[in-house]
Every structure is written in C-alpha cells, then in structure tokens.
Amino acid sequence: MAENNNIKIVILILVAVITFSAGIFVGVFFIGNNSDTGEVTNKNAEQATFLNRDVDFRMFWQVWNFVKDNYYKQPVSETALFYGALEGMVDALKDPYTVFFNPDFADQFISDLEGQFEGIGAEIGIKHDILTIISPLPDSPAEKSGLRPGDLVLAIDGEDTAGISIDEAVSKIRGEAGTEVVLTIFREGFEEPQDISITRGQIDMVSVRTTVRDDGIAYVEMFRFAEDTEKLFEESVNEIIKSGANGIIVDLRGNSGGYLESAVNVASHWIGEEIITIERDSQGNELPFYGKNKPVLAGLPTIVLINAGTASGSEIMAGALRDYSMATIVGESSYGKGSVQQMETFKDGSAVKVTIAEWLTPNGDSFNENGIAPDVTVEMTSEDYNEDRDPQLDKALEILRGEE
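So for the sequence shown, the working numbering puts the first residue at 363; every next one is plus one.
Here it is in structure tokens:
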C-alpha cells in the first residue's frame, strides 16, 4: 500500500471506534473583519478561500515560541508540541472518528486491524461525550473482568475521563501484558460507579467462530471484520452447507466493524452481487458497493443478533440482510456508527483518519447515530448476564424452530 514516502490507505476503514486504539502545520488566529471570506497573511490566499475571518499564520510560531520558552518544565519537547498541534487541529472538527495518530498510535491502529495487540482487549468509543465500552473481545482480559458493551468509563487509574479523546484514552488503557489498569465503570443497575481492575494481556483475536449445533442450527459468531474474516467465513459456509444445517444464527453482538470489503463480501453470501451498502459524501454523491459472492445462503432461514456493541461494518451487514429480507434482526438497537473514514499515513509514520462520508443501507436509510433497529426487540439485563442467560439467543432459536 506504500507509494513513495507518502502512504495513502484508501481502504475506507470502518472501525466504530479506535480500538487501542506532514508537512509543516500552521496554526490560525482569528482577527480582522466579519467578511464572508478572509485573507490569509503570509500564505497563498487561494489555499484558504473557505475562511470566514482573516488569519495570520505567524501567530502559530509566536504561540509556539512563547510556550516553548516560558513553560515552567524545561526543556519543552518540540516533537510533542508538533504532534500536539496536529492533534489539536483534527480535534477541532469535534468528530470522534476523525483522529490524528502520532507514529506510535498509527502502528497500534494498524496492528489492531491485523488482530494482534497488547492491552485489555476491548473496543472503546465516545458516545454522548462519554467514554464507552463498545465491546470486550472474546476471552480477553476485559471480558474476563466483567466489562460489558455500553459500560461508561468514568476514570482510568483514578483520572477523570471527562473530555478525553479516543487516542488519549487508548494510551492510558493499553500497555504491556502483565501490567494492571483500573477502570471506574458505571452501568444501568449500578447504584454507584465501581472500580474494575484488569490485568493486560496479549490479544490474538480470531474474527469468526462457527458451531453447528445438534439441532441442525449453525451458530456463527463474528467478532470483527479483519484480514482473516473472509477466509474464515468461507470455511464456515462450507461447513454449514456440508452439514445440511437448517438455519443460521449470525451473532454480530459486540462486532465493532473492521474492513469494508470484508463486511460487504460476507453479506454477499446471502445477497449475491447486488448493492450491499451506499456511500454518500458531503456533496450528496452516492457510490454503491456491490457483493462479489454467489448467494449460497439465500435460501437458509437466518437470524442476526445485534446489540449496542454492533457497529459500523456489522451494521452494514445487518442493514443489508434486513433490506433484502434475508434475515430477521433480533436483539437491541445497534451502536449507530455509519460514517466513512479514510486514512492517510505519512513518511514519519504518523497518520490521520478523517470522516469523509456516511453509509446507507441498500434502501437508502442512514443508520449513523440512530443505529439499526431490531425486528424483534429482546433486552439482555444485568441479571441475565450475571446468571449466564442469553434471552436474545434463546429467541433466535425459538424463531428458527417455529416455536413462537
């Protein structure tokens, strides 16, 4: 994917959240009149006709030098100032999915998509301005400690998370295997926040796990859409067909997304070469994405399980199967991450991920922020979780057996 020194990743990354998670930057300072188009001092004005106030880019260096020379802890790292300035520029967009990564974070992000990292093993995001657990990964330290999708993270090692950015949260939560982090968690049913201590570990995640039950129903757990997903799902399809399964339950609960192509091609095993999703940009232009596989599962009764941890690529899949009447959606409303990110990596190893569009279902419905609503709503309570009950899975089995 590398092109010379400027590596451009155009895979349109669909991660709901940053798991674990340049040229010279010039700052802006607003001065002058209230005209619709501002003038950029010391810079070609044609490059900034979008400005609504005049700016003087020299102010960036004045602030830079003032901070560097006067901050009470010396010496001040110019590298930290530089990357902090870039991060601040991107954060000004107020979009939790538009993020600047310094070189270390960029490496972590790419490693996460490849399915290997050290940490607690949980997807995190910002929802309603609160740091939230999107989903703990299967068999991860996060899951074993009792974290659940939708948990609110109020503090990390005693430090308040109010106003925290995703990458800052990632830097505090991640760490070497064997070390410990304490998250202060609040969830529905708690009378007050609780501290949960988690020992970090090596996370090696398999994205698909399939079991054909004794009753002939195939249970397919899809944890994310990673590099190995298509291959593993092809193996699952072969196993399902060979077994003569009479129904499929696809569990997308806690699946926070991954690669677009993977999500589209998995869905096409039901839908075929039809439209799986549509990308709509800021100008209203729409670009359809088509499946590439034969619809070998189209005739098999299918239930898709979703919850608040179902995000992005998994919402694309659930929405497509719903629109084509290929599945019944059971569970709770999904997360609502229907935006498109493009990532560009630079020669120093840093990267920026920017929201460039939103996803629509084949029928043209947006699920960004609102999520996918289930056809059959079934809640999973704290009591269910603590007693190892799964009423959502039970309902899916009832539907496939015709026991409703």
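Think of the CB as a built atom: it goes at the ideal place given N, C-alpha and C, for glycine as much as any other residue.
Given the structure is predicted, the values throughout are model-derived calculations rather than measurements.
Remark: C-beta atoms of Trp632 and Pro657 approach each other more closely than 8 Å. About 6 Å separates the Cβ atoms of Arg510 and Tyr747, confirming a contact at the 8 Å cut-off. Just measuring C-alpha positions, the residue of Glu449, Gly537, Glu592 and Asn617 sitting nearest Gly671 is Asn617. Each residue's CA atom was taken as its position, placing Gly681 and Val692 some 12 Å apart. Selection Asp501, Leu516, Ser507 and Lys506 evaluated against Thr494 yields Leu516 as nearest (Cα-Cα). Within the same chain, Val574, Ile602, Ala607 and Ile610 come within 6 Å of Ala580 by CB-CB distance, once the 5 residues on both sides are set aside. With fewer than 16 other Cβ atoms from the protein chains shown falling within 10 Å of its own Cβ, Ala539 counts as exposed.
For the 8 Å CB-CB criterion, Asp522 and Val544 do not form a contact. Within the region 423 to 500, the complete beta strand (DSSP E) segments at least 3 residues long are 461 to 463, 478 to 481, 484 to 489 and 492 to 498, listed from N- to C-terminus. By DSSP's assignment, Leu649 forms a beta bridge with Glu641.
The Cβ atoms of Thr723 and Asp685 sit closer than 8 Å to each other. About 6 Å separates the Cβ atoms of Ser559 and Glu542, confirming a contact at the 8 Å cut-off.
The beta carbon of Glu592 is closer than 6 Å to those of Ser624 and Asn627 in its chain, skipping five residues each way along the sequence. About 14 Å separates the beta carbon of Leu499 from that of Phe587, a gap too long to meet the 8 Å contact definition.
For Arg571, the enclosing beta strand (DSSP E) covers residues Val570 to Val574.
Taking all protein chains in view, the Cβ of Ser497 is crowded by 16 or more other Cβ atoms within 10 Å, so the residue is classified as buried. Sequence-distant partners of Asp457 (beyond 5 residues in either direction) whose C-beta falls short of 6 Å from its own C-beta, in its chain, are Thr717. Cβ-Cβ separation between Val666 and Val612: approximately 5 Å, consistent with a contact (criterion under 8 Å). The beta carbon of Glu505 lies closer than 6 Å to those of Pro498 in the same chain, with the five residues before and after it left out.
Rounded to the nearest angstrom, the gap between the Cα atoms of Gly661 and Gly726 is 24 Å. DSSP, read as helix, strand or coil, puts Val702 in strand.
Comparing alpha carbon positions, the residue from Ala758, Tyr652, Glu694 and Gly711 closest to Tyr445 is Gly711.
Bounds of the alpha helix (DSSP H) holding Asp685 are Gly675 to Asp685. Here the alpha carbons of Asp416 and Thr743 stand approximately 55 Å from one another. With contacts defined as CB atoms closer than 8 Å, Ile565 and Glu480 qualify as a contacting pair. Considering only Gln436, Ala447, Pro437 and Asp418, the residue with the shortest C-alpha distance to Trp426 is Ala447. When DSSP states are grouped into helix, strand and coil, Ile734 belongs to the coil group. Distance between Val429 and Ala531, taken at the CA atoms: about 25 Å. Partner residues in the beta bridge of Gly693, as assigned by DSSP, are Ile668 and Thr739.
When the five nearest sequence neighbours on each side are left out, the beta carbons in the same chain lying within less than 8 Å of the beta carbon of Arg615 are those of Ser497, Pro511, Leu667, Ile668, Asn669, Gly671, Thr672, Gly693 and Gln754, in order along the chain.
Take Arg549, set aside five residues on each side of it, and the residues of its chain with a beta-carbon closer than 8 Å to its own are Arg510, Gly512, Asp513, Leu514 and Ser744, in chain order.
Between Lys604 and Glu635, the gap from beta carbon to beta carbon reaches 8 Å or more. Bridge pairing for Glu720: Arg642 and Ser701 [DSSP].
Looking at the backbone, the Cα of Ile547 and that of Glu553 are separated by about 11 Å.
The beta carbons of Gly733 and Gly675 sit no closer together than 8 Å.
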